[in-house]
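Here the protein sequences line up with chains X and R, keeping their order. Okay, so the first sequence: first residue is 236 according to my numbering, each after it adds one. Okay, so the second sequence: first residue is 18 according to my numbering, each after it adds one. Built from N, CA and C at the ideal position, the CB exists for glycine as well. Structure first, then comments.
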Amino acid sequence: MQLTKQWLWLASATLFAQGTTPDILLKPPKDSWPAYHGDYSGRRHSALTQVTPQNVGGLTLSWAFQTGANAQIKASPLMVDGVIYFSTPDNVYAVDARSGHQIWHYTYPQNKGFHIGSRGVSMYGEWLYFMTPDAYLICLNAKDGAVRWKVAVADSGRGYWTTMSPLIVRNHVLVGVSGDFDNLTGFLKSVDPETGATQWRWDSTPPSGTPNSTTGGMTWMTGTYDPESDTVFWGTGNPTPVLNGEVRPGNNPDTCSIVALDPNTGKKKWAFQASPHDTHDWDAVEIPVVVDANFHGQPRKMLMQASRNGYFFVLDRLSGANLLTTAFGPVNWSKGLDPKGQPVPNPAKDPAPDGRLIAPDEGGLTNYRSPSFDPKTGLFIVSAHPSYGIYFTKPADGTFGWAGADYGVWGKGVLEAIDYQTGKIKWSHELGPNGAGAGVLTTDSGLIFTGDAQGSVLALRTSDGATLWHAGQGQSMQSSPITYELDGRQYLVTSGGGVMFAWALPEKN
Amino acid sequence: MRIFRHVRSGAIALFMTASLGFTQAPKPPATPVKAGPTFPAELVKAGEGLFVQQCAFCHGRDTGGGESGPDLTRSKLVAEDVGGNQIGPVVRNGRGTMPRFTVTDQELLELTAFIRTAKSIAESQTGGRKGVDAKDLATGNIDQGKQYFNGAGKCNSCHSPTGDLAGVATRNVGLRLFQRLMYPRGAKAKMTVTLPSGETVSGTSAYHDEFTVALRDSSGRYRSWPAARVKVQADDPAQAHVDLLAKYTDDDIHNLMTYLMTLK
């Protein structure tokens, strides 16, 4: 029955004249960037080769789109059928990918959710899916931004909010939630793209109030998907209360973890815990990147994550077994690794009334913006943030929500090229004070695109990290770059503050 | 969104609004407060709405600190604010990693009313206040701190307890002293730039990235050059602090802190 339904749906999906189809999401054409990561793997790597290390110096501005708003663009845009779709909190924009002029702009009514960021919309057929600060999922018509339906994903009155770009797998719209200012259960929901009805829900932690148990494990970043094993990989956030771990003894399973789920049922296949019993707010939601390659001479189906807690993990994605765990910068909170390759937290580095000096800081050695995997060089490129923070908790801070305080001491931005087979840093490229935070895109021609701490967009040579091109954007990039080809011209799309920029080689006369 | 509106009301309008708020028949504040100015309940409520949307993620819903943002209830700047005159420039220009926000004068008054009210509430807590108190930080050993200062830490190669650090614990209290001990944010680096002609220009580092270098010379003038065309020699006094971060034990920083707290 399940198979028949699935087949019928696939057959009907092919009737779409425009928009995305399952085929497009499985094998995105070069004239599209149809989902958050560009494809299901999360590698943020493009096969486009028009822009090369030799000609990238001539890259020039094609257009800039100004939202004219306060909100920084944190979304990874989509590009489908010549139209770019992206979001900021309460806003969705449709922009002509050729000219940068606005086609439509949807504004969600004012609300009291956290307006911390919106990481993008997702597309199914000709429908867009947008998550709001007050935890609703909105289905919009991609043609004009008209609202088709709106469903509550979680109760914002209890402290949930949403920011993510849903992951679409066949007829499942996978939506995650945020909310670690309260002791709330994290969950991932699968929603019917036509009606908004819930298909299944997977809870990362037990209900609030369960004795001696954790809450948290939010699901606020878009996961990845392996079509071959039909498995979704999702990173989960920190346990709550955040800085006080005493009231939630044990490892707090499925928090700060990568979980493998069946997209049809939400049933968990395996979990790997990046930070057992986290007390430093190190969500393990960074992109779990799907890679097929040799590992120590054997062909492997892998999953790689450069995690906020400072460790780089290589896993067998079929079993969840660990192949490699290495720190990719200063890390001082762990006593070593357990037999599963998971770091063992050092209790002496738990937050304390007089403060503990911790590397990395709360922002982590990296955060949610995408890394990129370059298959030719085997380099995993990540925007890293070597840093130290000071962590406090005391009885007066309580056992609810944040339950302590932490402060960044010092940090900087460094782009790191990690050899996935050894975890060694092949090269690093300084990005400036405090931290850069931009995502990373690589292309088959041997180029990396990312941003530095002071607001420049950079093109680097993948093999050695040398700078080949740059342009000042006025504010540092808080999103991950994308690329596509349109009318035979390769575009790079980046953002700085509330402005989106499209870069290309000069048009041929 | 209200916070995105850009209304250019002038300073006069700001003071009129502020004055109305304080002099008209006062309504009871949103929550009882112990000390500090009181604000009309509707102003506080409006400020809370804005704060939750735009500020609470970093500064906490009660302004007591959240992800990455400081505890505003203990902020010197907030304590010294009058009608948004201190808070406004930070909100509108950003600071460090904090982005800038466009707020109308009315919105600034609302935000200020909420932040100041939250501060009063926090200060009226009895039986243990959340957040970092100065007394929480005095857990080290003064003698061992002094020993580290003059020994393993080599702090005495740049600092002197009777020189630049005389009175440091009066100028910097509690968490601020602790943070500056570990990293003196904003410490100016001296810089000398050698131009292609051989001419050298010295001053205080004003900007430095991969592509551009700039300093302020002795006259206060800002001068910049393409980084690739000049030689740069920078003497950043804060680098020694960065180098120590990987070497410190937690005891080291607490001993140092407790020692520095004696330099009043």
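(request) Measure how close the beta-carbons of X/Asp641 and X/Leu740 come, nearest whole angstrom, since I'm counting them as under 8 Å. (result) About 45 Å separates the two Cβ atoms, so there is no contact after all.
(request) With 9 Å as the limit, tell me which residues of the region 680 to 700 of chain X have their beta carbon closer than that to any beta carbon of chain R; keep them in chain order. (result) Asp687, Ala688, Gln689, Gly690, Ser691, Leu693
(request) Please name the residue in R/Leu128, R/Asp150, R/Leu262, R/Cys175 whose C-alpha comes closest to that of R/Val69. (result) R/Leu128
(message) So that I know if they touch, is there some Cβ in chain R lying closer than 8 Å to that of X/Thr634?
(response) no
(message) I'd like the span of the beta strand (DSSP E) that includes X/Arg591, first residue to last.
(response) 591 to 593
(message) Can you pull the chain R neighbours of X/Glu597, defined as C-beta to C-beta under 9 Å?
(response) Glu84, Ser85
(message) 8 Å is my cut-off, CB to CB: does X/Ser623 come that close to chain R?
(response) One point to set straight first is that residue 623 of chain X is Tyr, not Ser, in the sequence displayed. Taking Cβ atoms only, chain R reaches closer than 8 Å to X/Tyr623, which makes this a yes.
(message) What does the alpha-carbon distance come out to for the pair X/Ile660 and X/Ala652?
(response) 6 Å
(request) Find the residues of chain R that neighbour X/Lys629, judging by a C-beta separation of less than 7 Å, and give them in chain order. (result) Asp153
(request) Mind listing the chain R neighbours of X/Asn581? Cutoff is C-beta to C-beta under 8 Å, in chain order. (result) Per Cβ cutoff of 8 Å: no residues; X/Asn581 is ~11 Å from chain R at best.
(message) Against chain X, does R/Gln71 count as a neighbour if the rule is that its beta carbon must be under 8 Å from one of theirs?
(response) yes
(request) Mind the definition here: the region 431 to 448 of chain X touches the region 348 to 361 of chain X only if three or more C-beta pairs lie below 8 Å; say whether that holds. (result) no
(message) Rounded to whole angstroms, what is the Cα-Cα separation between R/Asn173 and R/Tyr276?
(response) 13 Å
(request) State whether the region 454 to 474 of chain X contacts the region 521 to 530 of chain X, with contact taken as three or more CB pairs (one from each stretch) at a distance under 8 Å. (result) yes
(message) Short of 8 Å Cβ to Cβ, which residues in the region 85 to 102 of chain R face chain C?
(response) Absent here is chain C; the protein component of the structure consists of chains X and R.
(request) Can you say whether X/His272 is buried or exposed, counting buried as having 16 or more other CB atoms within 10 angstroms of its CB? (result) buried
(request) Can you grab the Cα-Cα spacing for the pair X/Arg543 / X/Ala519, in whole Å? (result) 6 Å
(request) Write down every uninterrupted run of the beta strand (DSSP E) in the region 528 to 566 of chain X whose length is 3 residues or greater and which is fully enclosed by it, in chain order. (result) 533 to 541, 546 to 551, 557 to 562
(request) Identify the contact partners of X/Arg591 in chain R, using a Cβ-Cβ distance below 8 Å as the criterion. (result) Asp267
(request) Give the DSSP bridge partners of X/Ser569, in chain order. (result) X/Pro580
(request) Would you identify the three-state DSSP class for R/Ala63, choosing helix, strand or coil? (result) helix
(message) Is the separation between the beta-carbon of X/Leu614 and that of X/Thr697 shorter than 8 Å?
(response) yes
(request) Can you give me, in chain order, the residues of the region 416 to 445 of chain X that have a beta carbon less than 7 Å from any beta carbon in chain R? (result) Phe416
(message) Can you give me the C-alpha to C-alpha distance between X/Asp331 and X/Gly317, rounded to a whole angstrom?
(response) 6 Å
(request) Have a look at X/Ser730 and X/Phe321 and give me their C-alpha separation to the nearest angstrom. (result) 11 Å
(request) Buried or exposed for X/Thr342, please, with buried defined as at least 16 other CB atoms from any protein chain shown within 10 angstroms of its CB. (result) exposed
(request) Please say whether R/Val210 and R/Val185 have beta carbons closer to each other than 8 Å? (result) no
(request) Can you say whether X/Val382 is buried or exposed, counting buried as having 16 or more other CB atoms within 10 angstroms of its CB? (result) exposed
(request) Drop a sphere of 10 angstroms on the beta-carbon of X/Trp384, count the other beta-carbons inside from all chains shown, and report buried for 16 or more, exposed for fewer. (result) exposed
(message) Among R/Lys147, R/Gln164, R/Ala255, whose alpha-carbon lies nearest the alpha-carbon of R/Lys205?
(response) R/Ala255
(message) Between which residues of its own chain and R/His12 is the CB-CB distance below 6 Å, once the five residues before and five after are set aside?
(response) The structure shown has nothing for residue 12 of chain R, since chain R only spans 18 to 281.
(message) Can you tell me where the beta strand (DSSP E) holding X/Thr459 begins and where it ends?
(response) 459 to 461
(request) Assuming X/Ser276 contacts X/Ser714 (C-beta within less than 8 Å), just tell me the rounded distance between them. (result) Not confirmed; about 19 Å, so no contact.
(message) For a test of the three-state rule: what should DSSP assign to R/Cys175, helix, strand or coil?
(response) coil
(request) Note down, in chain order, all residues in the region 496 to 524 of chain X with a beta-carbon under 8 Å from any beta-carbon belonging to chain R. (result) Asp516
(request) Along the beta strand (DSSP E) that carries X/Ile308, what are the first and last residues, could you check? (result) Element bounds for X/Ile308: n/a, residue is neither H nor E.
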